[in-house]
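Working notes for the structure below.
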Amino acid sequence: MTTSADLFATAQALMPGGVNSPVRAFGSVGGTPRFMVSGSGPWLRDADGNRYVDLVCSWGPLLLGHAHPGVVSAVHAAVDRGLSFGASTPAEAQLAELVQQRVPAVERIRMVSTGTEATMTAIRLARGFTGRDLVVKFAGCYHGHEDALLVAAGSGVATLSLPGSAGVPAGTVADTVVLPYNDLAAVEELFAGRGEQIAAIITEAAPANMGVVEPGAGFNEGLRRITAEHGALLILDEVLTGFRVHPAGYWGLSAGGAWAPDLFTFGKVIGGGLPTAALGGRADVMEFLAPLGPVYQAGTLSGNPVAMAAGVATLQHADDTVYDTVDGLSRQLQAEVHTALDAAGVDHSIQHAGNLFSVAFGTSDTGVHDYAQAQAQDSYRFAPFFHAMLDAGVYLPPSVFEAWFLSSAHDDEAVETVVAALPAAAQAAAA
Ligand code: PLP
Numbered sequence: 001m002t003t004s005a006d007l008f009a010t011a012q013a014l015m016p017g018g019v020n021s022p023v024r025a026f027g028s029v030g031g032t033p034r035f036m037v038s039g040s041g042p043w044l045r046d047a048d049g050n051r052y053v054d055l056v057c058s059w060g061p062l063l064l065g066h067a068h069p070g071v072v073s074a075v076h077a078a079v080d081r082g083l084s085f086g087a088s089t090p091a092e093a094q095l096a097e098l099v100q101q102r103v104p105a106v107e108r109i110r111m112v113s114t115g116t117e118a119t120m121t122a123i124r125l126a127r128g129f130t131g132r133d134l135v136v137k138f139a140g141c142y143h144g145h146e147d148a149l150l151v152a153a154g155s156g157v158a159t160l161s162l163p164g165s166a167g168v169p170a171g172t173v174a175d176t177v178v179l180p181y182n183d184l185a186a187v188e189e190l191f192a193g194r195g196e197q198i199a200a201i202i203t204e205a206a207p208a209n210m211g212v213v214e215p216g217a218g219f220n221e222g223l224r225r226i227t228a229e230h231g232a233l234l235i236l237d238e239v240l241t242g243f244r245v246h247p248a249g250y251w252g253l254s255a256g257g258a259w260a261p262d263l264f265t266f267g268k269v270i271g272g273g274l275p276t277a278a279l280g281g282r283a284d285v286m287e288f289l290a291p292l293g294p295v296y297q298a299g300t301l302s303g304n305p306v307a308m309a310a311g312v313a314t315l316q317h318a319d320d321t322v323y324d325t326v327d328g329l330s331r332q333l334q335a336e337v338h339t340a341l342d343a344a345g346v347d348h349s350i351q352h353a354g355n356l357f358s359v360a361f362g363t364s365d366t367g368v369h370d371y372a373q374a375q376a377q378d379s380y381r382f383a384p385f386f387h388a389m390l391d392a393g394v395y396l397p398p399s400v401f402e403a404w405f406l407s408s409a410h411d412d413e414a415v416e417t418v419v420a421a422l423p424a425a426a427q428a429a430a431a
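Residue numbers (the UniProt record's numbering): 1 to 431.
Here it is, written out as structure tokens:
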């Protein structure tokens, strides 16, 4: 049998760190990354023959679990018709309509292949539309690895404790202003001084890349008001939250149509596990994109028919029952994690936004509302917790700065496996 250790040794000789995306390397938790060979429902199986309850769900896309029969058969049918045409296909408009039904403020949409492309294009579009250069982002928010947004970024950048990324010219980030999250006064102050230079604010609809951090009451709405007052655009990044926390994403859960950003970015669930992402929003802004407008954007595989089929089938199957199930599972697991950590005397807070949650160690007095608080937590407690869970057959995100993901396929057996693993993991975290 070729083990994960063998595969990792081979991979390290071939790929930087043996991986194609940094957090997969287990850098912050140590040990050998497990090489996965199959997934079914809530379960993952590794090359060593172990089975895990998957609480990563491909970092979000798998709202319906692994290899959902409806999604897999739609993908098979699409594959049988051909893999890529480099021309428009019927499924693109089908997916666009499904998105628009859920999020009517998406008057126009463009499909791309990754969340990074979606946010990168949204920034370029906002700059092209407004004729302004400055972009505002919040510390600890991650919007992909686009140069201009790799400052004080969450996700793997936070996991590796990096201030940003080498290889990003100072000039590229000179037009990015980073503000503390959840601090509307800081936003007001910046706009009072430089409002007419600001093209856009980009924010995660609910941050989940510094662990989960809920936007404070009125925070996103305040960003909407301030940007509108100053002629800047608001880009709500729903790559992670979109179609996961509610049929209409975190915006649907929290704003319920009372206000809308100018642009949304989507990824993950919209592609159901295949590489699709999108940006969408106001028609007058979106029509600044080529071929109608002067802002260029393109992609050989954009709107790929197989990926479209996966996205369409995923959204078609993601009905209210799916969201109720995931919400209920999330509440149940949050309570179980809390109970186990309390019993072991581990100070913590359970951070949540909709059905996304994460644990922040040593933060019970304040909870976590911004990146400084996220970074100040007792993150050393996570590695032993993670490994105890892994040993007991639960695959958590290998970083304290990532959300835990559930799916509608997580059944009683999966939940019982997680619950049974928690006491020993809590003890390990306490040590
Ligand atoms: N935006 C957010 C909020 C994300 O969480 C991510 C990825 O985790 C991205 C953008 C980038 O997406 P991708 O990894 O598909 O480039």
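Backbone N, C-alpha and C define an ideal beta-carbon position, used for all residues, glycine too.
From a predicted model like this one, the values you see are computed outputs, not experimental measurements.
_Tell me the rounded alpha-carbon separation between V72 and G41._
Mapped onto the sequence shown, residue 72 falls at position 72. Mapped onto the sequence shown, residue 41 falls at position 41. So the alpha carbons of these two residues sit roughly 12 Å apart.
*Closer than 5 Å is what we want: which residues have a beta carbon that near any heavy atom of the ligand PLP? List them in chain order.*
T114, G115, T116, H143, G144, E204, D237, V239, L240, G267
_G311 - containing alpha helix (DSSP H), residue span_ = One-based indexing of the sequence shown puts residue 311 at position 311. From DSSP, the alpha helix (DSSP H) with G311 extends over 305-317.
*Selection from A248, L44, G140 that minimises the alpha carbon distance to G211*: On the sequence shown, position 211 is the one that residue 211 refers to. Among A248, L44, G140, the Cα nearest to that of G211 is on G140.
*For the putative contact between D175 and D133, defined by C-beta atoms under 8 Å, what is the C-beta separation to the nearest angstrom?*
Locating residue 175 in the sequence shown gives position 175, where the first residue counts as 1. Locating residue 133 in the sequence shown gives position 133, where the first residue counts as 1. So it is a contact: roughly 5 Å between Cβ atoms.
*asked:* Can you find the residues in the same chain that come closer than 8 Å, C-beta to C-beta, to D183, ignoring five residues on each side of it along the sequence?
replied: The residue given as residue 183 occupies position 183 in the sequence shown. Excluding sequence neighbours, D183 sits near D370.
*Determine, using beta-carbon pairs with one atom in the segment 252-259 and one in the segment 275-285, whether at least three such pairs fall under 8 Å.*
no
_Using 8 Å for Cβ pairs, my map puts A278 next to I123. What's the rounded Cβ distance?_
The residue you call residue 278 lines up with position 278 of the sequence shown. The residue you call residue 123 lines up with position 123 of the sequence shown. Not confirmed; about 15 Å, so no contact.
*Using a threshold of 9 Å, state whether the C-beta atoms of H317 and L98 are closer than that.*
As a working mapping, residue 317 is identified with position 317 in the sequence shown. As a working mapping, residue 98 is identified with position 98 in the sequence shown. No, the Cβ-Cβ distance between H317 and L98 is not below 9 Å.
*DSSP three-state assignment for S155, whether helix, strand or coil*: As a first step, residue 155 must be located in the sequence shown, where it is residue number 155. If DSSP states are grouped into helix, strand and coil, S155 belongs with coil.
*Cβ-based neighbour list, P128, same chain, cut-off 8 Å, excluding 5 preceding and 5 following*: On the sequence shown, residue 128 is found 128 positions in, with the first residue counted as 1. One detail in the question is off: residue 128 reads as Gly in this sequence, not Pro. So the list reads F288, G293, P294, V295, once near-sequence residues are dropped.
_If you reduce the DSSP assignment to three classes, tell me which class W404 lands in._
As a working note, residue 404 is residue 404 in the sequence shown. Residue state, collapsed to three classes: strand.
*Quick one: complete beta strand (DSSP E) runs, 3+ long, within the segment 22-63?*
36-40, 43-46, 51-54
*Would DSSP call A96 helix, strand or coil?*
The residue you call residue 96 lines up with position 96 of the sequence shown. Note: A96 maps to helix in three-state DSSP.
*Do V326 and L422 have their CB atoms nearer than 9 Å?*
Mapped onto the sequence shown, residue 326 falls at position 326. Mapped onto the sequence shown, residue 422 falls at position 422. No, Cβ-Cβ distance for V326 and L422 is not below 9 Å.
*Taking DSSP as the reference, what is the three-state secondary structure of A199?*
Locating residue 199 in the sequence shown gives position 199, counting from the first residue. In the structure shown, A199 sits in a strand (DSSP, three-state: E or B).
*Provide the residue span of the beta strand (DSSP E) that contains L356, from first to last.*
Position 356 of the sequence shown, counted from the first residue, corresponds to residue 356. Unbroken beta strand (DSSP E) run through L356: 356-361.
*Could you give the uninterrupted runs of the beta strand (DSSP E) lying entirely in the segment 230-263, keeping only those of 3 residues or more?*
233-238
*How would you label M1, buried or exposed, when you count the other beta carbons within 10 angstroms and need 16 or more for buried?*
To locate residue 1, count along the sequence shown from 1; it is residue 1. With fewer than 16 other Cβ atoms within 10 Å, it is exposed.
*Decide if V79 is buried, meaning its Cβ has at least 16 other Cβ atoms within 10 Å, or exposed.*
Position 79 of the sequence shown holds residue 79. Exposed.
*asked:* So the candidates are P384, R45, V245, M120; which of them puts its Cα closest to the Cα of A403?
replied: If you number the sequence shown from 1, residue 403 lands on position 403. The option with the nearest alpha carbon to A403 is V245.
*Cβ neighbours of I350 in the same chain (closer than 7 Å, five flanking residues each side left out)*: Within the sequence shown, the letter at position 350 stands for residue 350. Closer than 7 Å at the Cβ level, and outside the excluded window around I350, lie Q334, V337, H338, F357, V359.
*asked:* So, at 8 Å on beta carbons, what are the nonlocal neighbours of Q332 in its own chain, with the 5 sequence-adjacent residues on each side left out?
replied: For the purposes of this step, residue 332 is taken as the residue at position 332 of the sequence shown. Cβ within range, chain order: V415.
*Enumerate in chain order the residues of its own chain whose CB-to-CB distance from E229 is below 8 Å, with the five nearest sequence positions on each side excluded.*
In the sequence shown, residue 229 corresponds to position 229, counting from 1. So the list reads F191, G195, once near-sequence residues are dropped.
_Euclidean distance between Cα positions of L83 and L263_ = Locating residue 83 in the sequence shown gives position 83, where the first residue counts as 1. Locating residue 263 in the sequence shown gives position 263, where the first residue counts as 1. Spanning the two alpha carbons is a distance of roughly 30 Å.
_Please state whether the Cβ-Cβ distance between T227 and A200 is less than 9 Å._
On the sequence shown, position 227 is the one that residue 227 refers to. On the sequence shown, position 200 is the one that residue 200 refers to. Yes, the Cβ-Cβ distance between T227 and A200 is below 9 Å.
*Give the range of the beta strand (DSSP E) segment to which F138 is assigned.*
Here residue 138 corresponds to residue number 138 of the sequence shown, with the count starting at 1. Its beta strand (DSSP E) spans residues 134-138.
*Under the rule that 16 or more other beta-carbon atoms within 10 Å means buried, what is D342, buried or exposed?*
Within the sequence shown, residue 342 is the residue found at index 342, counting from 1. Classification for D342: exposed.
*asked:* Please report the distance separating the alpha-carbon of A11 from that of G18.
replied: For the purposes of this step, residue 11 is taken as the residue at position 11 of the sequence shown. For the purposes of this step, residue 18 is taken as the residue at position 18 of the sequence shown. Each residue's alpha carbon lies about 4 Å from the other.
*asked:* With distance defined between alpha-carbon atoms, name the residue in G242, L240, N220, V239 nearest to L233.
replied: For the purposes of this step, residue 233 is identified with residue 233 of the sequence shown, where counting begins at 1. Looking at the Cα atoms, N220 is the closest of the given residues.
*What residues are listed by DSSP as bridge partners for S165?*
For this step, residue 165 is matched to residue 165 along the sequence shown. Answer is none; S165 lacks a bridge partner.
*Could you pull out every residue in the same chain whose Cβ sits closer than 6 Å to the Cβ of D147, ignoring the five residues on either side in sequence?*
If you number the sequence shown from 1, residue 147 lands on position 147. Counting only Cβ-Cβ distances below 6 Å, and skipping sequence neighbours, we find V168, T172.
*Return the first residue and the last residue of the beta strand (DSSP E) that L274 is part of.*
On the sequence shown, residue 274 is found 274 positions in, with the first residue counted as 1. Careful: L274 lies outside any beta strand (DSSP E) and carries neither H nor E.
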